[in-house]
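Each number in the numbering used here corresponds to the 1-based position in the sequence shown with 108 added.
Glycine included, C-beta positions come from ideal geometry on N, C-alpha and C.
Given the structure is predicted, the values throughout are model-derived calculations rather than measurements.
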Amino acid sequence: MTTVAVLGAGKIGQTVLAGLKRAGWPVSSLLATARRPERAQAVRENLGIDIVSTDEAVRRADISVIAVKPQDAEALLREMAPSLPEGKLVVSLCAGLSTAFFEKRLPEGAAVVRVMTNTPALVEEAMTVLAPGKAAVDSDVTVAEELFSPLGKTIQLSETHLDAVTALSGSGPAYFYYLVEAMTDAAILLGLPRSTAHELIVQTIVGAAAMLRDTGDHPVELRETVTSPAGTTINAVRELERHRVRAAIVDAVEAARDRGRDIAATTD
């Protein structure tokens with residue numbers, strides 16, 4: 109079985125580890141590193157995965173998954189580069205950092221695949237996008253895809269699109285949670301109990317997402333099936349437009365994209 113080491117068992121690192129375990133990956137083939145003792149203890153207790161040094165993780169792993177904060181990547185690469193065996197795959201989950209950033213700091217010819225996934229990996233519904241670096245070949249991308257496909261859906265794109273992907277699907281779950289918060293507040297204002305509102309909203313979102321996925325219809329078409337003349341929905345949509353919600357969403361996604369570019373500029 110392929111051994112995977114997640115270097116940096118923070119939120120996204122633990123998400124990947126938990127997702128792999130849920131998908132049936134044996135814990136004997138999973139390793140992790142953690143700087144904070146309490147985080148290391150949580151990974152051991154909650155996931156049963158060994159916490160090891162960076163040197164040991166890199167030497168033992170077939171795939172090294174870098175899941176530290178972008179500002180910590182430079183120091184980690186200096187630490188792991190001397191131990192990285194030739195031909196081993198490096199996968200980056202660091203938002204904003206290009207494959208060139210890693211290739212410049214790792215031994216020459218290191219195969220790097222940049223990956224953007226998201227937190228629904230915990231329930232095997234992740235959206236994962238893979239972009240190979242200069243030295244990565246098709247087989248490297250296939251291996252990385254096999255690693256993330258148990259966590260949800262995977263696609264491959266050119267790295268030029270990764271900042272947009274980060275802003276859209278990487279940060280995307282937070283936008284939906286924000287919407288649920290707002291809808292819950294509205295439901296309570298209208299007199300519904302919080303638990304009932306939560307059940308109504310969550311199932312509505314799940315059902316709407318399933319229709320978008322399964323019908324192939326344009327979202328405008330699906331929205332129009334709910335929007336009858338002079339009805340309740342069109343009045344709600346009018347208020348959304350009056351408050352420029354559509355423009356605010358576009359601005360929010362662009363702001364996330366721009367922040368990813370800022371991170372890359374300050375770390376390079």
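Assigned secondary structure, residue i (DSSP; H/G/I helix, E/B strand, else coil)
i: M260; result: Correcting the residue identity first, residue 260 is Gly in this sequence and not Met. Residue state, collapsed to three classes: strand.
i: I371; result: helix
i: S336; result: coil
i: A344; result: helix
i: V151; result: helix
i: I120; result: helix
i: R222; result: strand
i: I159; result: strand
i: G204; result: coil
i: R213; result: helix
i: R167; result: helix
i: G127; result: helix
i: V231; result: helix
Opening and closing residue of the alpha helix (DSSP H) in which residue i lies
i: L297; result: 280-297
i: A218; result: Element bounds for A218: n/a, residue is neither H nor E.
i: A183; result: 181-188
i: S200; result: Unbroken run through S200 is the beta strand (DSSP E), 197-200; no alpha helix (DSSP H).
i: L139; result: Counting along the chain, L139 falls outside any alpha helix (DSSP H), though it belongs to the beta strand (DSSP E) covering 138-141.
i: L270; result: 270-273
i: V173; result: From DSSP, V173 is part of no alpha helix (DSSP H) but of the beta strand (DSSP E) over 171-174.
Inter-residue CB distance, residue i and residue j (contact presumed, cutoff 8 Å)
i: A229; j: G278; result: Their Cβ separation, rounded to whole angstroms, is 11 Å, which puts A229 and G278 out of contact at 8 Å.
i: S200; j: R222; result: 5 Å
i: L320; j: L330; result: 7 Å
Contact check, residue i vs residue j, beta carbons under 8 Å
i: G364; j: T274; result: Note that residue 364 corresponds to Ala in the displayed sequence, not to Gly. Contact: yes.
i: A140; j: G121; result: yes
i: A244; j: R213; result: no
i: V135; j: V124; result: no
i: A131; j: P258; result: yes
Residue range of the unbroken beta strand (DSSP E) whose run includes residue i
i: V112; result: 112-115
i: S303; result: It is not in any beta strand (DSSP E) - S303 instead sits in the alpha helix (DSSP H) that spans 302-323.
i: V237; result: 234-240
- For the segment 147-159 against the segment 170-181, are there 3 or more C-beta pairs whose distance is under 8 Å? Two segments are said to touch when three or more pairs of C-beta atoms, one from each, lie closer than 8 Å; by this definition the segment 147-159 does not touch the segment 170-181.
- Given 8 Å as the limit, is there contact between the segment 204-218 and the segment 229-238, that is, 3 or more CB pairs closer than that? Verdict: no, contact absent.
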